[in-house]
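>
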Amino acid sequence: MNLKTLLAERLEVALRDAGAAAASAIVGPATRPEFGDYQANGAMAAAKRLGMKPRDLALRVAEAADLAGIAARCDVTGPGFISLTIDDDCLSEALADGRTEPVGGGERVVIDYSHPNLAKEMQVHHLRSTIIGDAVARVLDALGYDVIRQNHVGDWGTGFGRLVAHLNDTGEDSEALGDLERFYTEASERFANDATFADRARQVVVDLQGGDPATLARWQRYIDISMSHCQAVYERLGVGLEPEHVRGESAYNDDLDGIVEDLEAKGLLTESDGALCAFLPEFKGKDGKIAPIIVRKSDGGYLYHSTDLAAVRHRTQTLHAKRVLYVVDARQGLHFKQLFALARRAAYDAGASLEHHPFGMMLGNDGRPFKTREGSGTRLLDLLDEATVRARRLVEAKNPELDGQQMDRVARAVGIGAVKYADLSKNRTGDYVFDWDAMMSFEGNTAPYLQYAYARIQSLFQRGRVDAAALTGRPAIREAEEHALALQIARFQETLEQVAATVMPHHLCTYLYDLAAAFMRFYERCPVLDSDVRNDRLLLCRHTAATLSRGLDLLGIETVDRM
Ligand code: ARG
């Protein structure tokens, strides 16, 4: 149940009856405890148009709204806000053990994330994209959207000439292939210093573009090796990206000539120094010149924009997406603005919503772009290994009684969970500092804190020999702390809908952190195991635990019963 939507609907009926046509009762969480649980300020906006005092309209709406069984109190506060307190019985009814409602109705959403460049090892910004994209995909799935994951890997372009030429020489069992960064450097150095090698590399490009089978097979071999590195990162991270989700740039090769023909027929291309470009007036720079979108180079080669245009068309016209989400770092903002603008002109969007959801950089403690080792490379697997090692040390100190196997599970859950949560809990649009100590802390808005809150509830069940799954009924709510906890649990659905709409997983993190805090307050004030209302309180504990664990699961983070 989404209480927020329910309240908004009821208030809107009353607003309309009061003459405020198409008014929307903007409902949100109350800004202060004395304002109850939710607040609506629809009357404020609507009153102006009616020439009424907001307070008078609010009073009328509060009086007339049918809130029976939903709100226990409905008051007008301030200049015209409506304060609502949810009825305890309704709250109890709204508790759902972390289950969600399929409001998505099967609507198709394509999400483009992770998308490393296969010429090199996966980079830090691909890690961010992978973590954020995975969480968003899970939330959309849970809400009943039909999610199609698209891993738009960079697997084509002239850069592959030298790599394939180098592979021809080293053979496919070369040790250097275990470290793609090194392989890439070697190939680049040879390309710069060895003229005959450079010639061969250029010939590879020609052969690749000409579709020579043997060269294509070699290229495919290189792609497979590189992709297996990524797959290792995905597995370590526990994200649900599989080979079937890969649809790289090369997948669009055969569409590109057609795209150019089509754009030309639509009058969108202009020749400029032999290249075919789209000049859209909204991309006029300060110098008065329009930044061109190059669709085909003068040598006939295609670029990043060309494949992306084909990808838009594929996603909207073949996959029939209603929304296409691009989780790509902020530096590509202009690329996507141009892409979407041109796609709309060419009617490739097919009415779908094309959305770039940018994220900032991951910084080291020194405030500079994060690196795991000296030089240009960033081995993500090393980073994830280190996370698990650190987590293990931490958990060993906290709970030495765990046996080896349990310890491995906990170390993995906490280590990987901490890395993901540190990323997800920040508003993605900004840069964030990667700080081991902060993310592994058992206090504050961290994964270990939430995982620990979950484990504490499990240990409470154990101490009381409670089979939580066997508890039946709905909890009666009596105390203020119980009310606050139940309210927070009940907000799960609305929070997920907010994440789906904004593509911002940090709303879910904040929600879970507040949930754990509400639980701690409840637990301090309300004895559970030796109480007359034990069953009611145990039920609240169960709903809390289930919601925490489901919420973390939607962020791609595991929970453990003991830690
Ligand atoms: N491979 C690109 C990069 O690493 C990101 C691709 C993003 N997706 C897209 N459809 N352009 O920068």
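The sequence shown maps to residues 5 to 567 in the working numbering.
Idealized CB from N, CA, C, for every residue including glycine.
In chain order, what residues of the same chain have a beta carbon less than 7 angstroms from the beta carbon of ALA191, not counting five sequence neighbours either side?
Same-chain partners within the cutoff: ARG166, LEU167 and HIS170.
> Quick check on this structure: which residue in ALA98, ILE30, HIS129 and VAL31 has the alpha carbon closest to the alpha carbon of GLY434?
Answer by Cα proximity: HIS129.
> If I'm right that VAL423 touches LEU388 with Cβ under 8 angstroms, what's the distance once you round it to whole angstroms?
That pair is a contact at about 7 angstroms.
> For HIS360, write down the residues that DSSP places opposite it in a beta bridge.
Its beta-bridge partners are TYR330.
> Return the chain-ordered ranges of every alpha helix (DSSP H) run that is complete within the segment 149-201 and spans a minimum of 4 residues.
If we require 4 residues or more, the alpha helix (DSSP H) runs fully inside the segment 149-201 come out as 163-174 and 184-197.
> From the DSSP output, which residues share a beta bridge with CYS281?
The partner list for CYS281 (beta bridge, DSSP) reads THR274 and ILE298.
> For LEU533, which residues of its own chain have a beta-carbon under 6 angstroms away from its beta-carbon, when the five flanking residues on both sides are left out?
For LEU533, where only same-chain residues beyond five positions count, the Cβ hits under 6 angstroms are GLY468.
> Would you please state the rounded distance, in angstroms, between the beta carbons of ILE74 and ASP91? I believe it to be under 8 angstroms.
The pair is a contact, with the Cβ atoms about 6 angstroms apart (cut-off 8 angstroms).
> Should ALA68 and THR89 be called a contact, given that it needs their Cβ atoms to be closer than 7 angstroms?
The answer is no: Cβ separation not under 7 angstroms.
> What is the rounded straight-line gap between the Cα of ASN431 and the Cα of ASP159?
Roughly 30 angstroms between the two C-alpha positions.
> Quick one: grab the DSSP three-state call for PHE85.
PHE85: strand per DSSP, three-state reduction.
> Cα separation between GLY292 and LYS341?
C-alpha separation (whole angstroms): 18 angstroms.
> Alpha carbon to alpha carbon, what distance is there between LEU313 and GLY244?
Distance between the alpha carbons of GLY244 and LEU313 is about 26 angstroms.
> Going by beta carbon distance, what residues of the same chain come within less than 8 angstroms of ASN539, once the five residues before and after it are set aside?
Only LEU475, GLY477 and PRO479 meet the Cβ criterion.
> Label ARG554 either buried or exposed according to how many other C-beta atoms from any shown protein chain fall within 10 Å of its C-beta, with 16 as the threshold for buried.
Classification of ARG554: buried, given that the 10 Å Cβ count is 16 or more.
> Here's the rule: buried if 16 or more other CB atoms are within 10 angstroms of the residue's CB, otherwise exposed. What is GLY252?
Result: buried.
> Enumerate in chain order the residues of its own chain whose CB-to-CB distance from GLY364 is below 8 angstroms, with the five nearest sequence positions on each side excluded.
Once the five neighbours on either side are set aside, the close Cβ partners of GLY364 are ASP333, ALA334, ARG432, THR433, GLY434, ASP435 and TYR436.
> Tell me, to the nearest whole angstrom, how far the beta carbon of ILE152 is from that of ASP427; I am working on the premise that it is less than 8 angstroms.
Rounded, the Cβ-Cβ distance is 23 angstroms, inconsistent with contact.
> Report buried or exposed for ASP412, applying the criterion of at least 16 other Cβ atoms within 10 angstroms of its Cβ.
When all chains shown are included, ASP412 counts as exposed.
> Quick one: Cα of ILE493 to Cα of THR499, how far?
So the alpha carbons of these two residues sit roughly 10 angstroms apart.
> I believe VAL31 touches LYS8 by the beta-carbon criterion, under 8 angstroms. Please report the beta-carbon distance rounded to the nearest angstrom.
Yes, they are in contact, since the Cβ atoms of VAL31 and LYS8 sit about 5 angstroms apart, within 8 angstroms.
> From LEU11 to ARG495, what distance separates their C-alpha atoms?
Rounded to the nearest angstrom, the two C-alpha atoms are 13 angstroms apart.
> Roughly how many angstroms separate the alpha carbons of GLY560 and TYR517, rounded to a whole number?
Going from the Cα of GLY560 to the Cα of TYR517 covers about 16 angstroms.
> Taking 6 angstroms as the cut-off, is the CB of ASN45 close to at least one heavy atom of ligand 1?
No.
> Return no unless some Cβ of chain B is closer than 7 angstroms to the Cβ of HIS360.
Any reference to chain B falls outside this structure, which holds one protein chain only.
> In three-state terms, what does DSSP make of MET80?
It is Val, not Met, that sits at residue 80 in the sequence shown. In the structure shown, VAL80 sits in a strand (DSSP, three-state: E or B).
> Looking at the unbroken alpha helix (DSSP H) that takes in TYR42, where does it start and where does it end?
First-last for TYR42: 42-44, but that is the beta strand (DSSP E), not the alpha helix (DSSP H).
> With C-beta atoms as the reference, is GLY4 less than 7 angstroms away from SER87?
Lying before the first or after the last residue shown, residue 4 is absent from the chain, which here runs from 5 to 567.
> So GLN497 and GLU193 are in contact, right, with Cβ under 8 angstroms, and what is the actual spacing, rounded?
With 8 angstroms as the limit, GLN497 and GLU193 do not qualify as a contact, their Cβ atoms being about 56 angstroms apart.
> From which residue to which residue does the beta strand (DSSP E) around GLY32 run?
Here the beta strand (DSSP E) through GLY32 covers 31-33.
> Round the Cβ separation of ALA1 and LEU338 to the nearest angstrom and send it over; I've been treating them as touching at under 8 angstroms.
Given that the chain is displayed from residue 5 to residue 567, the structure contains no residue 1 and the question cannot be resolved.
> With three or more beta-carbon pairs closer than 8 angstroms as the criterion, would you say the segment 203-210 touches the segment 520-530?
Contact fails: fewer than three Cβ-Cβ distances are below 8 angstroms.
> Taking the alpha-carbon of GLU248 as reference, which of ASP258, TYR256 and GLN235 has the nearest alpha-carbon?
Per the Cα distances, GLN235.
> Answer yes or no: the CB of ASN121 versus the heavy atoms of ligand 1, is any distance below 6 angstroms?
True, at least one ligand heavy atom lies under 6 angstroms from that Cβ.
> Please check the pair LYS546 and ASP101, which I expect to be a contact at CB under 8 angstroms, by giving their CB distance rounded to whole angstroms.
The question names Lys, yet the displayed sequence has Arg at residue 546. Rounded, the Cβ-Cβ distance is 7 angstroms, consistent with contact.
> Taking the straight line between their C-alpha atoms, what separation do you get for ASP261 and LEU343?
The alpha-carbon atoms of ASP261 and LEU343 are separated by roughly 17 angstroms.
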